[in-house]
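**Student:**
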Amino acid sequence: MYRGLPPRVPHKPSSASGPVKYNDPHVKAHVLLQAHLSRMQLPAELQADTALVLAKAIRLIQACVDVVSSSGWLSPAVAAMELAQMVTQAMWAKDSYLRQLPHFTADLVHRCSEKGVETVFDVMELEDNARAKLLQLSPTEMADVARFCNRYPNVELTYEVVNERHLRAGKPVVVEVSLEREDDIAGPVIAPFFPQKREEGWWVVIGDPKTNTLLSIKRVSLARTAKVRLDFVCGAPGRHTYTLYFMSDAYLGADQEYRFTAEVAEAASDSSDSE
Numbered sequence: 001m002y003r004g005l006p007p008r009v010p011h012k013p014s015s016a017s018g019p020v021k022y023n024d025p026h027v028k029a030h031v032l033l034q035a036h037l038s039r040m041q042l043p044a045e046l047q048a049d050t051a052l053v054l055a056k057a058i059r060l061i062q063a064c065v066d067v068v069s070s071s072g073w074l075s076p077a078v079a080a081m082e083l084a085q086m087v088t089q090a091m092w093a094k095d096s097y098l099r100q101l102p103h104f105t106a107d108l109v110h111r112c113s114e115k116g117v118e119t120v121f122d123v124m125e126l127e128d129n130a131r132a133k134l135l136q137l138s139p140t141e142m143a144d145v146a147r148f149c150n151r152y153p154n155v156e157l158t159y160e161v162v163n164e165r166h167l168r169a170g171k172p173v174v175v176e177v178s179l180e181r182e183d184d185i186a187g188p189v190i191a192p193f194f195p196q197k198r199e200e201g202w203w204v205v206i207g208d209p210k211t212n213t214l215l216s217i218k219r220v221s222l223a224r225t226a227k228v229r230l231d232f233v234c235g236a237p238g239r240h241t242y243t244l245y246f247m248s249d250a251y252l253g254a255d256q257e258y259r260f261t262a263e264v265a266e267a268a269s270d271s272s273d274s275e
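First residue of the sequence shown: 1, per the UniProt record's numbering; consecutive thereafter.
1) With a CB to CB cut of under 6 Å and the five nearest residues on each side skipped, what residues in its chain are close to MET247?
2) Just the C-alpha distance for GLU127 and LYS133, rounded to the nearest angstrom, thanks.
3) Is the beta carbon of PRO6 closer than 9 Å to that of LYS12?
4) With DSSP as the reference, please indicate the residues paired to ARG229 in a beta bridge.
5) Considering just the uninterrupted stretch of the beta strand (DSSP E) at VAL9, what are its terminal residues?
6) My output table needs one value for THR105: the three-state DSSP class, helix, strand or coil.
7) Output the boundary residues of the alpha helix (DSSP H) element that contains ALA93.
8) Does the segment 84-101 touch the segment 191-199, meaning 3 or more C-beta pairs lie closer than 8 Å?
9) What whole-angstrom Cβ distance do HIS110 and LEU137 have, given they're in contact under 8 Å?
10) If you reduce the DSSP assignment to three classes, tell me which class ARG219 lands in.
11) Provide the residue span of the beta strand (DSSP E) that contains VAL162, from first to last.
12) What does a CB cutoff of less than 6 Å around VAL205 pick up in its chain, not counting 5 residues either side in sequence?
13) From ALA250 to PRO209, what does the alpha carbon distance come to, in whole angstroms?
14) DSSP three-state call for ALA268: helix, strand or coil?
15) Would you kindly work out how many angstroms separate the C-alpha atoms of THR213 and GLU45, rounded to a whole number?
16) Which stretch, first to last residue, makes up the alpha helix (DSSP H) that contains LEU134?
17) Give me the residue from GLU118, ALA262, SER69 with the minimum Cα distance to residue 276.
18) Tell me, please, whether the segment 148-157 touches the segment 171-180 by the rule of three or more beta-carbon pairs shorter than 8 Å.
19) Compute the Euclidean distance between the alpha carbons of TYR22 and ALA267, then round it to the nearest angstrom.
20) Thinking PRO172 and VAL233 are a contact (beta carbons under 8 Å), I'd like their distance in whole angstroms, please.
21) Starting from the C-beta of ARG59, find all residues in its chain whose C-beta is less than 6 Å away, skip the five residues before and the five after it, and write them out in chain order.
22) Around the Cβ of GLU275, are there at least 16 other Cβ atoms within 10 angstroms (buried) or fewer (exposed)?
23) Quick one: what's ALA262 bridged to in DSSP?
Below you can see the structure in the form of structure tokens.
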């Protein structure tokens with residue numbers, strides 16, 4: 001059963017030290033994880049093995065985020081966050097966000113794409129009659145779609161750089177972030193391909209993509225509203241551009257990014273500090 005699976009996954013196992021040992025636990029876990037992301041039909045025994053892998057995957061990914069964040073690595077941290085979304089929804093990052101919606105087959109996704117409907121928010125914004133005509137689903141299936149859309153996070157984010165006109169090199173930059181969920185329905189993540197109940201979580205991150213540096217990160221849960229305070233040390237004097245990331249750990253297409261600039265002055269002299 002398992003022997004025929006490795007040739008079917010997108011990224012074939014390889015080894016620099018001889019033949020691949022397909023029964024090694026890490027090789028098998030890698031193959032099963034790819035099969036999950038590709039939504040391959042597996043026999044019962046391999047489904048059970050996949051469930052064991054997935055049960056540990058999210059915790060391991062969250063630990064990866066912690067490790068790479070502590071090293072200040074921006075791109076690997078964002079990639080790990082996106083992997084958490086992919087594992088939860090059983091999708092590759094290149095897949096259409098519509099694949100998260102129940103009953104959305106490849107044909108239906110293609111039909112939506114032809115009409116310019118690319119995201120979950122696009123589906124939500126359609127008029128009822130236009131949505132029914134496009135999706136062509138039964139009332140029960142439409143109810144499943146509505147349930148997912150009602151649960152899908154629609155979050156308004158605002159932020160403020162505290163004392164942004166008085167930033168000095170070597171001193172803290174403080175960014176206050178306010179989050180407000182626009183939908184009233186919160187609950188466990190809707191992820192029919194994930195074997196366990198999952199609660200939704202988020203990361204709020206400030207980074208400098210130009211230097212691939214992660215400057216500050218906070219983990220947050222969001223029922224209705226939340227406030228997050230992030231800080232990092234000002235760099236050299238001059239104008240600096242940073243990016244604020246709001247990253248889901250469970251849904252694709254719900255992330256947000258904002259660029260902001262900080263004008264940093266020379267560090268105050270000792271005499272200025274004493275004054």
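Quick reminder that beta carbons are idealized off the backbone N, C-alpha and C, glycines included.
**Tutor:** The relevant details are as follows:
1) MET81, TRP203, ASP255
2) 10 Å
3) yes
4) GLU176
5) Premise fails: VAL9 is in no beta strand (DSSP E) and is neither H nor E.
6) coil
7) Here ALA93 belongs to no alpha helix (DSSP H), and DSSP marks it neither H nor E.
8) yes
9) No, HIS110 and LEU137 are not in contact; Cβ-Cβ is about 15 Å, not under 8 Å.
10) strand
11) That residue, VAL162, is in no beta strand (DSSP E); it is neither H nor E in DSSP.
12) ILE217, TYR245
13) 23 Å
14) coil
15) 43 Å
16) 128-135
17) Because the chain is modelled from 1 through 275, residue 276 falls outside the range shown and cannot be assessed.
18) yes
19) 58 Å
20) 6 Å
21) none
22) Model confidence at GLU275 stands at a pLDDT of 48, short of 50, so the residue's coordinates are unreliable and nothing is read from them.
23) HIS240
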